[in-house]
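Before any comments, here is the structure.
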Amino acid sequence: MRRILWFRRDLRVKDNPLLALGGEVLPIFIFDTNILDSLPKDDRRVSFIFGHVEILKAELLACGLELKVFYGKPEDVFDSLACGKFDEVVACGDYDAYAKERDLQISHKLHFRYIQDTYIFKHDEVLKDDGSPYLVFTPFYKKARIALESKNIEELLMAKHTLADEDYEGITKVQKEKVTKLPFEMASLDFEQVNLQMPSPHAKLEALKEKLRNYKEQRDYLSSDVTSHLSVDLSFGTIGVREILRFLFANKNLEIEPFIRQLIFRDFYAYELFHMPRIENQNYKYSFGGIEDEEKYKALCEAKTGFPIVDAGVRELLKTGNMHNRVRMVVASFFTKDLLLPWQWGERFFAQHLLDYDKASNVLSWQWSAGTGVDPQPYFRVFNPYLQSKKFDKEALYIKQYVPELGHVEAKYLHDETWLFCANIKGYPKPMLHHKEAAKKAIEVFRV
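For the sequence shown, the numbering used here assigns the number 841 to the initial residue and increments by one for each residue that follows.
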């Protein structure tokens, strides 16, 4: 069997189902210009991916394999590959609309074999007794958690391969029928190299041992670094979810259940997007659609709302490509309820900047906050940014880290709207609205 192994969101050798298939293989990775052309030239995700493709090339070489790297549109790349020489292309499936359409086009050129590796369960493994998908997380979680006990999560070992005769040097740029050889460097993609800290996912996993001791109690506190930082690795597959589960089950003496619940929540969102693809852009349930106010949107995107916890979160995102999960919920609630902006705008903003961006998780999380999605929060629940910062950042350490203009202000005042409206802080705006009034209005419009 001659196979093209198409690496995408599975940038690793260890426990990779693609490599568990033997035969003559052509491992490939495509820097997809359908995606890259819409990104700014300093997008940190491109640097992250390039760095891990470089690692993948080295790991494959150590196993006697190579990785052929392309730059272009996937349909043009496969046209250049003389697909008739191969029996099938194998890849791990994605659930978003672009990925489905891309793979459909490639399947017209060559038999396409999907493997589900990105999530714990396949889309049809956890269903109601009548065969329909769950729409509420809790019953989905209960059934998935039971199924997980008998789920085979053993490490997949690499099969024996022979390597297809190809030129594996550099980057192969494909534009329609024109093929050009480029050096293997970021400049060949016409992107800037962004310096990123790229700790090994396995080092993060080992560090999780200590963090799990207080994970449930501390994970929402902004100055307590007990989150795993593995979301970006799961998003790009630099570590597999099976390996994380094996690690958790090997440490049952620790507080593993809250973490397992989060992994199943990630599955649930992907599962919903698969079964209801329209929710990628549309409300699942009828609700207030938001007011398209460019001025308010600009203030939030520039971290000039005058709400310290919100501005700190946005600045963290713009500076690092990350945002603490608790702060993501605060920002999303403020965006959709206080500002009454369309959730799609917020999803788009996060999509532009999150290093760990995952379509399903991002879309469903925003719909949850807006009260428009599957199993959403109640319309009358509006996060109070001041109470949130007082509870989870009492000493304002997180706020002051990202909003240094507030460094001289006593922490208690940064959780006090009345004080913030009266104060004149050099270089920092007053709150753009009164939260209590905004929350009352949000409840009225979302009640309909």
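Cβ atoms here follow ideal geometry from the backbone N, Cα and C, with glycine treated the same way.
Enumerate in chain order the residues of its own chain whose CB-to-CB distance from residue i is below 6 angstroms, with the five nearest sequence positions on each side excluded.
{"i": "Ala1251", "result": "Glu1235, Ala1236"}
{"i": "Val893", "result": "Phe869"}
{"i": "Met1026", "result": "Phe890, Gln1033"}
{"i": "Tyr954", "result": "Gly933"}
{"i": "Thr1020", "result": "Lys1013"}
{"i": "Thr1176", "result": "Trp1183, Ser1209, Ala1210"}
{"i": "Met841", "result": "Gly863, Asp927"}
{"i": "Val909", "result": "Phe869, Ile1011"}
Taking the continuous alpha helix (DSSP H) assigned at residue i, which residues delimit it?
{"i": "Arg1166", "result": "1165-1173"}
{"i": "Ile1100", "result": "1097-1115"}
{"i": "Ile960", "result": "Here Ile960 belongs to no alpha helix (DSSP H), and DSSP marks it neither H nor E."}
{"i": "Glu1083", "result": "1081-1089"}
{"i": "Leu1074", "result": "1071-1076"}
{"i": "Val1285", "result": "1275-1287"}
Where does residue i fall in DSSP's three states?
{"i": "Gln1241", "result": "helix"}
{"i": "Glu994", "result": "coil"}
{"i": "Arg843", "result": "strand"}
{"i": "Leu988", "result": "helix"}
{"i": "Glu1257", "result": "helix"}
{"i": "Pro1041", "result": "helix"}
{"i": "His1289", "result": "Any answer about residue 1289 is impossible in this case: the structure gives the chain only from 841 up to 1288."}
{"i": "Thr1176", "result": "helix"}
{"i": "Val1019", "result": "strand"}
{"i": "Ile1265", "result": "coil"}
{"i": "Gln1058", "result": "helix"}
{"i": "Tyr981", "result": "helix"}
{"i": "His892", "result": "helix"}
{"i": "Gln1122", "result": "coil"}
{"i": "Arg852", "result": "coil"}
Between which residues of its own chain and residue i is the CB-CB distance below 7 angstroms, once the five residues before and five after are set aside?
{"i": "Arg1287", "result": "Tyr1219"}
{"i": "Phe1189", "result": "Cys1141"}
{"i": "Leu879", "result": "Val886"}
{"i": "Tyr1124", "result": "Met1116, Gln1207, Thr1212, Gly1213, Val1214"}
{"i": "Ile1096", "result": "Leu1052, Leu1088"}
{"i": "Gln1058", "result": "Ser1064, Val1066"}
{"i": "Val1081", "result": "Tyr959, Ile960, Leu1074, Leu1103"}
{"i": "Val785", "result": "What is shown of the chain runs 841 to 1288, which leaves residue 785 out entirely."}
Counting along the chain, where does the beta strand (DSSP E) carrying residue i start and finish?
{"i": "Gln1184", "result": "Counting along the chain, Gln1184 falls outside any beta strand (DSSP E), though it belongs to the alpha helix (DSSP H) covering 1183-1193."}
{"i": "Phe871", "result": "863-872"}
{"i": "Lys1013", "result": "1011-1015"}
{"i": "Val976", "result": "Premise fails: Val976 is in no beta strand (DSSP E) and is neither H nor E."}
For residue i, collect the residues of the same chain with a Cβ closer than 8 angstroms to its Cβ; drop the 5 residues on either side in sequence, then sort them by chain order.
{"i": "Arg849", "result": "Cys932, Asp934, Thr958, Ser1075, Phe1076, Gly1077"}
Item to check | Contiguous alpha helix (DSSP H) assignments of at least 4 residues, all confined to the region 1126-1160 | outcome: 1134-1141, 1148-1160
Checklist entry - If we count Cβ pairs, one from each stretch, closer than 8 angstroms, do we get three or more for the region 878-894 versus the region 1032-1044? => result yes
Next on the checklist: Report the start-end ranges of each alpha helix (DSSP H) in the region 900-955 that is 4 residues or longer and not cut off at the edges.
Outcome noted: 914-920, 937-947
Checklist entry - Do the region 1138-1151 and the region 973-992 meet, that is, are 3 or more Cβ pairs less than 8 angstroms apart? => result no
Checklist entry - Does the region 1182-1196 come close enough to the region 1219-1230 to have 3 or more Cβ pairs within less than 8 angstroms? => result no
Next on the checklist: Extract the residue ranges of the alpha helix (DSSP H) inside the region 1209-1234, only unbroken runs of 4 or more that lie entirely within it.
Outcome noted: 1225-1232
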